[in-house]
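In this note's numbering, the protein residues as written are 51 to 299.
Before any comments, here is the structure.
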């Protein structure tokens, strides 16, 4: 990916083989096998407490695996970095930094010169529809706008994998639908691999190329990814039923 542009290297391949995930003495998931294909959006669903956030934090390198293998592009994940960005439900913006300076943060950490990181931030803020808010502080914008800033910040760092932990869960239905469409639009051309955790079945069916049913070992193909017009298609209806049924297994 060139800085701030919509072109990128291929997304990262993320793999788990016989992985045991959780904290020492408190495993949440055991024997996880998963292969996330470069450039796909994999949505992850499962009942509360099944380990969805634990999976993301392990892929991000914030939690070490207790056993088995966790790798990005065939290399063990041993800590944060490696072109992986984590997006939380809480926007996690720094309140003392303006919107633009929040987006600049991953570039500043990498030592990107000031003029370049300002230009990159400006381009990403334009892509998420916040060009006019660059000098505003986070407490002066809405929750949906803060999530747009967080998305711009994640992508400004040119990640090859974006790990999203229920990022739209706190938004109202209309704002949430808008953020889903925005996510699709801003990911276009980046090449990034996305692992998107959600408790919302409709969101999982709409956004994902595939859906991982955590705790069951099953990964289902989505027949019509990101096509709201096909919600009533028999294959889409059957998929939704299968995902809902997985919560009872």
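By construction, the Cβ of each residue, glycine as well, lies at the ideal position given by its N, Cα and C atoms.
| query | Alpha carbon to alpha carbon, what distance is there between residue 197 and residue 262? | reply | Counted from its first residue, the chain shown places residue 262 at position 212. Counted from its first residue, the chain shown places residue 197 at position 147. Cα to Cα, the separation comes out at about 24 Å.
| request: Using beta-carbon positions only, say whether residue 213 and residue 136 come within less than 8 Å of one another. | output: For this step, residue 213 is matched to residue 163 along the chain shown. For this step, residue 136 is matched to residue 86 along the chain shown. In this structure, residue 136 lies closer than 8 Å to residue 213 by Cβ.
| Under a Cβ-count criterion, where at least 16 other Cβ atoms within 10 Å of its own Cβ denotes burial, should residue 66 be classed as buried or exposed? | As a first step, residue 66 must be located in the chain shown, where it is residue number 16. Buried is the call here.
| request: Count the CB pairs spanning the region 103-120 and the region 157-176 that are closer than 8 Å, and state whether there are at least three. | output: no
| request: Mind reading off the beta-carbon distance from residue 194 to residue 157? Whole number of angstroms is fine, and I expect it under 8 Å. | output: Within the chain shown, residue 194 is the residue found at index 144, counting from 1. Within the chain shown, residue 157 is the residue found at index 107, counting from 1. Wrong, their Cβ atoms sit about 24 Å apart, outside the cutoff.
| request: Please state whether DSSP places residue 108 in a helix, a strand or coil. | output: As a first step, residue 108 must be located in the chain shown, where it is residue number 58. Note: residue 108 maps to helix in three-state DSSP.
| said: Tell me the DSSP secondary structure of residue 138 in three-state form. | reply: For the purposes of this step, residue 138 is identified with residue 88 of the chain shown, where counting begins at 1. The answer is coil: DSSP assigns residue 138 none of H, G, I, E or B.
| Pair within 8 Å by beta-carbon distance, residue 200 and residue 142 | Looking up residue 200 in the chain shown gives position 150. Looking up residue 142 in the chain shown gives position 92. Going by C-beta atoms, residue 200 is nearer than 8 Å to residue 142.
| said: Can you give me the C-alpha to C-alpha distance between residue 243 and residue 275, rounded to a whole angstrom? | reply: Mapped onto the chain shown, residue 243 falls at position 193. Mapped onto the chain shown, residue 275 falls at position 225. Using only the alpha carbons, I get a separation of about 15 Å.
| task | Pair every Cβ in the region 170-177 with every Cβ in the region 222-230, then say whether three or more of these pairs are closer than 8 Å. | result | no
| query | Does DSSP put residue 124 in a helix, in a strand, or in coil? | reply | Translated into positions along the chain shown, residue 124 becomes position 74. DSSP places residue 124 in coil when its eight states are reduced to three.
| query | For residue 217, is the classification buried or exposed, using 16 other Cβ atoms within 10 angstroms of its Cβ as the cut-off for buried? | reply | Walking along the chain shown from the start, residue 217 turns up at place 167. Residue 217 is buried by the Cβ-count criterion.
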